[in-house]
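2 protein chains.
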Amino acid sequence: MSGPIEDPKHPARHSSTEVGPTDAAFMERAIALAIQNVLSGNGGPFGAVVVKDGRIIAEGTNLVTTNNDPTAHAEIVALRAACRELKNFQLTGCDVYSSCEPCPMCLAALYWARPRRILFAGTREDAALAGFDDSYIYDQIALDMAKRDVAMHHFMREHGQKAFHAWKQKSDKVEY
Amino acid sequence: MSGPIEDPKHPARHSSTEVGPTDAAFMERAIALAIQNVLSGNGGPFGAVVVKDGRIIAEGTNLVTTNNDPTAHAEIVALRAACRELKNFQLTGCDVYSSCEPCPMCLAALYWARPRRILFAGTREDAALAGFDDSYIYDQIALDMAKRDVAMHHFMREHGQKAFHAWKQKSDKVEY
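Sequence lines, in order, name chains C and B.
Quick note on my numbering: the first sequence kicks off at 1 and runs consecutively.
Quick note on my numbering: the second sequence kicks off at 1001 and runs consecutively.
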């Protein structure tokens, strides 16, 4: 007996992914990292942990201003560390706990990493009240390019497609 | 005489940001990096450059599979390198040229980095035809959390807000 064929890149949600009693302890850790990060002066009030098979395999805090890296959000720091730990560019079977709702950068990064579950405590509205752009960027991304605050220009499309032609013709490529 | 007061985080678009004759050469370079990246087997068909004051200050290609880093898209690699070069977490006054439309992760990263302009050649549809999830992730992010393919759970909000309380109370914080 077999069920419907699943797309391995985009598996269906399973009922087994609901929040359980062990989740609170991992979220406590993510929030503790966030608070500690503020008190130490290392960066913004955000922390995250990546859990696999019931064990934390990586942690991250926001290091944007100390590392001069606008991508060094807690989730990105944690997921990059988890991938180094797993020696893999996918977080298959992992759960990611973040002290706050992932911003669009972090949410999309998590889509690329394909974990099992994403859990969060604070919201984009909480972040906005503390002066962060998360909610603003969600709104901007949903707009047509011409309506966004940042100037975006699309040109040389045919020339740009040459890179995709080269990719399609490559026989030994590693897809992701 | 003064114009309307501008929000420094979200400056208004200026007419001086239109595409000019010097832009093609920088885009040619981004596309050449993308093609070279495929031929060398280093990663996906994507390249990007960051330009400041008419000079390329950083370049990037997609290194997801070689670096085991799902965030190592061409734009992210280039903007992180540019920030290291500038010793700043902002790309004020910079133009970012990408061989393809930035995915939501890269677009949001660029919003956090706040460059002057974003220019691209290929589109999210071109990327989709080559097997990449860019367009899919744009669609997913726009959905309500409960409708997304990835399982997301929101809990412990009040506890999570403690990190923001700590942030608001901190007098010597570096905002971004």
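Using N, Cα and C, we set each Cβ at its ideal position, and we do this for glycine too.
Integer Cβ distance of residue i from residue j, believed to fall under 8 Å
i: C/I56; j: C/R29; result: 7 Å
i: C/R80; j: B/T1071; result: 6 Å
i: C/Y97; j: C/A48; result: 6 Å
i: C/L119; j: C/D23; result: 6 Å
i: B/G1131; j: C/E85; result: Contact flag wrong, Cβ pair sits at about 27 Å.
When the options are compared against residue i, the one with the closest alpha-carbon
i: B/M1027; options: C/A48, C/H159, C/E175; result: C/H159
i: C/E59; options: C/G43, C/E175, C/K52, C/A82; result: C/A82
i: B/I1141; options: B/V1050, B/I1035, B/M1105, B/G1047; result: B/M1105
i: B/L1107; options: C/A72, C/Y111, C/V150, C/R84; result: C/V150
i: C/R117; options: C/A34, C/L33, C/V51, C/I31; result: C/V51
i: B/S1171; options: C/D172, C/W167, C/A32, C/G41; result: C/G41
i: C/A121; options: B/N1067, B/N1037, B/H1153; result: B/H1153
i: C/P115; options: C/K168, C/I76, C/L63; result: C/I76
i: B/E1034; options: B/A1113, B/A1146, B/A1078, B/D1053; result: In the sequence under discussion, the amino acid at residue 1034 of chain B is Ala, which differs from the Glu named in the question. Ranking the options by Cα distance to B/A1034, first place goes to B/A1078.
i: C/K173; options: B/M1156, B/D1139, B/K1168, B/N1037; result: B/N1037
i: C/A113; options: B/G1054, B/D1069, B/A1166; result: B/D1069
i: C/A32; options: C/T61, C/G54, C/D53, C/E18; result: C/T61
i: B/L1143; options: C/D53, C/A146, C/D139; result: C/D139
i: B/E1018; options: C/F155, C/E18, C/D53, C/N67; result: C/F155
Exposure label - residue i; buried when at least 16 CB within 10 Å
i: C/A25; result: exposed
i: B/G1020; result: exposed
i: C/L39; result: exposed
i: B/G1043; result: buried
i: C/H73; result: buried
i: C/A233; result: Because residue 233 of chain C is not part of the residues shown, which for chain C are 1 to 176, the question remains open.
i: B/L1063; result: buried
i: B/Q1161; result: buried
i: B/F1164; result: buried
i: B/F1046; result: buried
i: C/M1; result: Since pLDDT at C/M1 reaches only 42, below the 50 mark, its modelled position is unreliable, and no value is offered.
i: B/Q1169; result: exposed
i: C/G3; result: Bear in mind that a pLDDT of 49 at C/G3, under 50, signals an unreliable position, so the model cannot answer this.
Contact list for residue i against chain C, beta-carbon separation under 7 Å
i: B/V1064; result: F89, Y176
i: B/K994; result: Outside the displayed span of chain B (1001 to 1176) sits residue 994 of chain B, for which this structure offers no information.
i: B/V1205; result: Residue 1205 of chain B cannot be examined here, being either before or after the span of chain B that is shown, 1001 to 1176.
i: B/R1080; result: D69, T71
Amino acids of chain B, ordered along the chain, whose beta-carbon sits closer than 7 Å to that of residue i
i: C/F26; result: Those within 7 Å of C/F26 in chain B number zero; the least Cβ separation is about 10 Å.
i: C/I76; result: T1071
i: C/P104; result: P1104, A1108, I1141
i: C/C100; result: G1160
i: C/I56; result: Those within 7 Å of C/I56 in chain B number zero; the least Cβ separation is about 17 Å.
i: C/A113; result: P1070
i: C/D53; result: By Cβ distance, chain B contributes nothing, its closest Cβ being about 17 Å from C/D53, past 7 Å.
Contacts that residue i makes with chain C (C-beta to C-beta distance below 8 Å)
i: B/C1083; result: N68, D69, P70
i: B/A1130; result: F164, W167, K168
i: B/I1118; result: V150, A151, M152, H153
i: B/R1157; result: A121, G122, T123, D126
i: B/I1035; result: K162, A163, A166
i: B/G1044; result: W167, Y176
Proximal residues of chain B, C-beta to C-beta of residue i below 9 Å
i: C/G60; result: Chain B residues near C/G60: none, gap ~12 Å exceeds 9 Å.
i: C/D144; result: Simply none; closest approach about 12 Å.
If you pair each beta-carbon of the segment 125 to 134 of chain C with each one of the segment 93 to 108 of chain C, do three or more pairs fall below 8 Å? yes
Closer than 8 Å is the cut-off here; do at least three beta carbon pairs connect the segment 1130 to 1137 of chain B with the segment 129 to 138 of chain C? Cβ pair count under 8 Å is below three, so no.
Are there three or more Cβ pairs, one per stretch, closer than 8 Å when the segment 83 to 95 of chain C is compared with the segment 1078 to 1095 of chain B? no
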